[in-house]
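Okay, so here's the structure we're looking at.
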Amino acid sequence: MTLRRLIALTVLALIVVLSGCGGGAATEIDANLKEFAFDPTSWEVAAGETITINLQNDGSVEHEWVLLQPGVTIDSEADLPETEEELLSDFVYWEDEVEPGDSKSLTFVAPELGEYQIICAIPGHFDAGMEGTLTVVDGG
Ligand SMILES: [Cu+2]
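In my numbering, the protein residues as written are 1089 to 1228.
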């Protein structure tokens, strides 16, 4: 291998590595859930990207990772609707739940640019502190 070819390959490898970083926005995120918090409490992803989320429940009861719709935030559980049907149609952009001690990897498509509230919608959990933020940035 000539030196010139080695340099060319090195530059190519660097471009591949750097372009994979996408300006800091992840296409794979981890979320650990327990009583009564998310870890971490904030995530950043790129708009329109297919995001893999690795949910892990380190707690002793079931938990949810619920991404609320654009423009929808709650201050307390009293703001949530009475029925599951209304919750899903008017509040939830994407959600899934995980049993205690269990983990799963799922995908969702990141919504438009903005800041989104993440909650656990199981009664008592949001008010106890299960809240986070998903920031959606331009993936460029
Ligand atoms: Cu919970």
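All C-beta atoms, glycine included, are put in the ideal place defined by N, C-alpha and C.
Bear in mind the structure is a predicted one, so any value in this text is a computation, not a measurement.
- Less than 8 Å separates the beta-carbon of Val-1180 from that of Gln-1157.
- Taken atom to atom, the span from the alpha-carbon of Glu-1183 to that of Arg-1093 is near 48 Å.
- For the pair of segments examined, the region 1164–1175 was found not to touch the region 1189–1200: the number of CB pairs separated by less than 8 Å stays below three.
- Ligand 1 has a heavy atom closer than 7 Å to the beta-carbon of Phe-1124.
- Collapsing the DSSP output to three states places Ala-1198 in coil.
- When secondary structure is reduced to three states using DSSP, Leu-1168 falls in the coil class, being assigned neither helix nor strand.
- If you draw a straight line from the Cα of Tyr-1204 to the Cα of Leu-1168, it comes to about 16 Å.
- Remark: the shortest separation between the CB of Ile-1162 and any heavy atom of ligand 1 does not fall under 7 Å.
- Secondary-structure assignment with DSSP links Gln-1157 through no beta bridge to anything.
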